[in-house]
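*Asks:*
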């Protein structure tokens, strides 16, 4: 450790670390716009400048290494004046539509203007004439609100390995765009939304489905209300499902204990919003486990394409289709849990309710922007009807809850509805990196040996590490498993498989680093501590659950007995499986 003087007080720092890191650890807040903790600092925005004794110029603390005896002033008049000027220059040609912007009250530029006392416009710049790009099914780009911090570009290229966007032109004409400045829909974008998560302004947002969902709920209410003495005609059935990662995330935003599982409260709130049926996607995660584990066992026994690559993450699927089409045959044919439940809602539930599938409006609450794209894929529609009609991110759900004025503190937890109301904790683990692999291996072990797999043997796939691996002995067979999150990491693993890692049997890939708990549709500003609390919540649920394996779920077993037949049956293939294909896009 070394000691340096900051604002005339000593603080400790690690040799070689950047000054900003040491300042934050000491509880000294220095603002940034371009800095990303997991990536090499660029010092581009200059908001983190500080005065350092012996340096003529202000120094960017994010890119300035500490040294013994260094003397620093973080909030001197000179440093504050520089930061304020930077913000004023950014605002010179920035749109003034804060009241209408989806990031109002959650915009980093807006916060900095308030903190630095910017109360009037001192600089005036020519307004950039850009049109918002609404071509993507998942993400909306508004270049007029972009401040060129570069975060989206770096995350897309360095974390996700996609590079769908980059800086175009120079000087005052510089902006962030796709190849040939075309729409996101024809770019290499895989819809993951990690760019949205790091954007400090409203330049990147999700494609909102709130209006459509509210209209469906209102139509349902109008149709059900008796008029002139007539009886209610029922109207369309509006149903909703919520993903495993959502219930362990919304607690942070609703004033509940961080890391708590709010599934019961969430069920109650969704019913108050007007949904007729509320389902937990963890149920269909159990179903995915049954099908995927059976598929893995089938491929091992018959010599099918190995390793089997998981197919629950739609951003990952599109990434393989675009960048690694030679691995399309390795992808599991299983639909994601969202789409499996969507298919069952419009088949089995419709049959149980005596309704036509077209008379059901199916909504999914997901931690992922790519789920919006997935819901619209033609491969995932039956008879011209999509399995899922609308997808709301966790952020959109929170806006809808606040719009309706619901107070979670006044609600009692409620169970999910039948016939998809019971889940194992294995299905709940789908919210975290390693969770799909752990859940699938529990059931694959049972299918191969007839015995339960001790959970302790799977702890190597747990945690937030980007790449994990484990070998599990199943009878005489050793099953080699790899778990990876973040698509740049996944790309490197696929390159290794092509050369010297062909022995792998099963590979789980999550598009977003950390898994769905860090998905592109989750609340903005998520830090690693929040991710850890969500992860710990999922593991606590699994630890305390009486039902910990998908093949032990009595509701899943009954569904097979009464409707599906068995895993990989003709009907399960019709409803729960699909095929993917190579894509050509503009790179």
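Residue numbers (this note's numbering): 19 to 605.
Just so you know, even glycine gets a beta-carbon here, dropped at the ideal spot from N, CA and C.
DSSP on residue 54, reduced to helix/strand/coil?
*Replies:* coil
*Asks:* With DSSP as the reference, label residue 307 as helix, strand or coil.
*Replies:* Three-state DSSP puts residue 307 in a helix.
*Asks:* Apart from the five residues just before and just after residue 146, which ones in its own chain have a Cβ nearer than 8 Å to its Cβ?
*Replies:* 111, 161, 162, 193
*Asks:* Looking at the strands, I want to know which residues DSSP matches up with residue 503.
*Replies:* 528
*Asks:* How about the region 434-450 and the region 565-575: do they share at least three Cβ pairs that are nearer than 8 Å?
*Replies:* A contact is defined here as three or more CB-CB pairs under 8 Å, and the region 434-450 meets this definition with respect to the region 565-575.
*Asks:* Buried or exposed, going by whether 16 or more other CB atoms sit within 10 Å of the CB of residue 345?
*Replies:* buried
*Asks:* Across the region 389-401 and the region 553-562, are there enough close Cβ pairs to call them in contact, namely three or more that are closer than 8 Å?
*Replies:* no
*Asks:* For the candidate residues 189, 57, 502, 355, whose alpha-carbon lies nearest to that of residue 646?
*Replies:* Since the displayed the chain opens at 19 and closes at 605, residue 646 lies outside it and no answer follows.
*Asks:* Here's the rule: buried if 16 or more other CB atoms are within 10 angstroms of the residue's CB, otherwise exposed. What is residue 234?
*Replies:* buried
*Asks:* State the DSSP-derived secondary structure class of residue 455, mapped to helix, strand or coil.
*Replies:* helix
*Asks:* By how many angstroms is the C-alpha of residue 33 removed from the C-alpha of residue 89?
*Replies:* 15 Å
*Asks:* In terms of residues, what are the limits of the alpha helix (DSSP H) holding residue 547?
*Replies:* 546-562
*Asks:* Classify residue 438 as helix, strand or coil using the three-state DSSP reduction.
*Replies:* coil
*Asks:* State the DSSP-derived secondary structure class of residue 258, mapped to helix, strand or coil.
*Replies:* strand
*Asks:* Thinking just about the alpha-carbon of each residue, which of 73, 144, 353 is nearest to the one in residue 406?
*Replies:* 353
*Asks:* Report all residues from its chain with a CB closer than 8 Å to the CB of residue 257; omit the five preceding and five following residues, and keep chain order.
*Replies:* 293, 294, 295, 296, 297, 363, 367, 378, 379, 380, 381
*Asks:* Taking 7 Å as the cut-off, is the beta-carbon of residue 517 closer than that to any non-hydrogen atom of the ligand COA?
*Replies:* The ligand content of the structure shown is nil, which means the ligand COA is not present either.
*Asks:* Could you give the first and the last residue of the continuous alpha helix (DSSP H) run that contains residue 360?
*Replies:* 355-362
*Asks:* Going by DSSP, name the residue or residues bridged to residue 460.
*Replies:* According to DSSP, residue 460 bridges with nothing at all.
*Asks:* Verify whether the separation of the beta carbon atoms of residue 225 and residue 156 is less than 8 Å.
*Replies:* yes
*Asks:* Near residue 470, which residues of its chain fall below 8 Å by C-beta distance, leaving aside the five closest residues on each side in sequence?
*Replies:* 460, 463, 464, 567
*Asks:* By the three-class DSSP mapping on this structure, what secondary structure does residue 408 have?
*Replies:* strand
*Asks:* Excluding the five sequence neighbours on either side, which residues of its own chain have a C-beta within less than 6 Å of the C-beta of residue 496, listed in chain order?
*Replies:* Answer for residue 496: 489, listed in chain order.
*Asks:* Could you give the distance in angstroms between the alpha-carbon of residue 174 and the alpha-carbon of residue 180?
*Replies:* 6 Å
*Asks:* Note down the Cα distance separating residue 601 from residue 202, rounded to an integer number of angstroms.
*Replies:* Their Cα atoms are separated by approximately 15 Å.
*Asks:* Going by C-alpha distance, which of 28, 409, 120, 176 is nearest residue 55?
*Replies:* Here the closest residue by C-alpha is 176.
*Asks:* So with Cβ pairs under 8 Å, would you call residue 447 a contact of chain C?
*Replies:* Within the model displayed, chain C is absent; a lone protein chain is all it includes.
*Asks:* Under the DSSP definition of a beta bridge, which residues are partnered with residue 32?
*Replies:* Paired residues: none, contrary to the question.
*Asks:* Quick check on this structure: which residue in 182, 539, 117, 142 has the alpha carbon closest to the alpha carbon of residue 206?
*Replies:* 182
*Asks:* Quick test of your reading: residue 306 and residue 384, contact by CB under 8 Å. State the CB separation rounded to the nearest angstrom.
*Replies:* Not quite, the Cβ-Cβ distance comes to about 15 Å (not below 8 Å), so this is no contact.
*Asks:* Between the Cα of residue 603 and those of 196, 69, 139, 41, spot the shortest distance and give me the residue it belongs to.
*Replies:* Residue 603 has its Cα closest to that of 196, out of 196, 69, 139, 41.
*Asks:* Should residue 78 go down as buried or exposed, given a rule of 16 or more other Cβ atoms within 10 Å for buried?
*Replies:* buried
*Asks:* Quick one, which of 390, 315, 102 has its alpha-carbon nearest residue 609's?
*Replies:* As displayed, the chain neither begins before 19 nor continues past 605, which places residue 609 out of reach and without an answer.
*Asks:* Considering residue 338, what are the terminal residues of the alpha helix (DSSP H) in which it resides?
*Replies:* 332-341
*Asks:* With respect to the beta strand (DSSP E) encompassing residue 157, which residues constitute its N-terminal and C-terminal limits?
*Replies:* Run containing residue 157: 157-159, per the beta strand (DSSP E) assignment.
*Asks:* Let's see if you can read the secondary structure: which residues bound the beta strand (DSSP E) around residue 39?
*Replies:* Residue 39 -> not in any beta strand (DSSP E); alpha helix (DSSP H) instead, spanning 37-43.
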